[in-house]
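Residue numbers (the working numbering): 740 to 936. For every residue, glycine included, the Cβ atom is placed at its ideal position computed from N, Cα and C. The structure presented is a predicted model; accordingly, all values stated were derived computationally and were not measured. As structure tokens, the structure follows; a few thoughts come after it.
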């Protein structure tokens, strides 16, 4: 493998990088672009397609994170569509088991199940207490963007992701898992910090 003179970058990569023209966007052009929205979640919950709703949410979240210094990383990533439990099932399985409530659902409907119908997450939702019913519409670019509600949503998203990931590591196929007891559900919420990732 041939490298560039400084020795750390392969020549083929260096040539490709040098061909790319870097172009910065002015603030005016960046603000003219459409806001970022999670496409996968919009398929599940089409009510959140409003561009104005997303613009307002990102402005409020910017203020909370950068000006007020509240760490809402989990909610931020969730609204990008990336901070969700992983479902990398090998093979062509059309039916999956939810690692939280142990009910069966389709592979395409697992995210809708977890954030709209799962009994376990509804218990956490009631315990943490964000405003509105437990539905993706209440979590994605929430209309109530008060500091307290955003903190509670961040806490909820982190709890779901952390516990689902933990239970997935315990049993990847979901067959050997025991149902979570109510005291375990309450303990899981207490172990997760409301702010941060």
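Determine which residues share a DSSP beta bridge with residue 845 and list them. According to DSSP, which records beta bridges pairwise, residue 845 is partnered with 834.
Reducing DSSP to helix, strand and coil, say where residue 774 ends up. Look at residue 774 here: in three-state DSSP terms it is coil, with no helix or strand label.
Sequence-distant residues of its chain with Cβ nearer than 6 angstroms to residue 817 (five each side left out): Here residue 817 has 896 as same chain residues with Cβ atoms under 6 angstroms from its own Cβ, once five neighbours each way along the sequence are excluded.
Our contact map puts residue 796 next to residue 881 with C-beta atoms below 8 angstroms; I'd like the distance itself, whole angstroms only. With a Cβ gap of about 7 angstroms, residue 796 and residue 881 count as contacting.
Which one of 791, 845, 876 and 823 has the shortest CA to CA distance from residue 977? This structure gives no information on residue 977, because the portion of the chain shown stretches from 740 to 936.
Span separating the alpha-carbon of residue 742 from that of residue 749: Residue placement at residue 742 is poorly supported in this model, since its pLDDT is 49, which falls under 50; the coordinates are not used for a value here.
With a cut-off of 8 angstroms, do at least 3 Cβ pairs link the stretch 809-823 to the stretch 774-788? Taking 8 angstroms as the limit for Cβ pairs, the verdict is that the stretch 774-788 does touch the stretch 809-823.
Between the stretch 854-873 and the stretch 887-902, can you find at least three pairs of beta-carbon atoms closer than 8 angstroms? Yes, they touch.
What whole-angstrom Cβ distance do residue 919 and residue 859 have, given they're in contact under 8 angstroms? Contact annotation, residue 919 with residue 859: C-beta distance approximately 6 angstroms; criterion of less than 8 angstroms satisfied.
Residue burial classification, residue 740 (beta-carbon count within 10 angstroms, cutoff 16): Because residue 740 sits at a pLDDT of 49, beneath the cut-off of 50, its placement in the model cannot be relied upon, and the following sentence gives the value as read from the coordinates. By the beta-carbon neighbour count (other beta carbons within 10 angstroms, threshold 16), residue 740 is exposed.
For residue 801, does the count of other Cβ atoms within 10 angstroms reach 16, so buried, or fall short, so exposed? When all chains shown are included, residue 801 counts as exposed.
Could you round the C-beta distance between residue 903 and residue 811 to whole angstroms and report it? I think they count as a contact, below 8 angstroms. Not really, about 20 angstroms apart at Cβ, beyond 8 angstroms.
Among 848, 857 and 847, the one whose alpha carbon lies nearest that of residue 841: Comparing Cα-Cα distances from residue 841 to each of 848, 857 and 847, the minimum goes to 857.
Check for me: the alpha helix (DSSP H) holding residue 865 runs from which residue to which? Segment 858-867, the alpha helix (DSSP H) holding residue 865.
Should residue 768 go down as buried or exposed, given a rule of 16 or more other Cβ atoms within 10 Å for buried? With fewer than 16 Cβ atoms within 10 Å of its Cβ, residue 768 is classed as exposed.
Closest Cα partner of residue 901 within the set 931, 921, 808 and 776: Of the candidates 931, 921, 808 and 776, the residue whose Cα lies closest to the Cα of residue 901 is 931.
Please report how far the alpha carbon of residue 899 lies from the alpha carbon of residue 824, in whole angstroms. Cα to Cα, residue 899 sits roughly 8 angstroms from residue 824.
Provide the residue span of the alpha helix (DSSP H) that contains residue 887, from first to last. 886-909 is the span of the alpha helix (DSSP H), which, as asked, contains residue 887.
Run the CB neighbour count on residue 892, radius 10 Å, all protein chains shown included, and call it buried at 16 or more, exposed below. Buried, by the Cβ-count rule.
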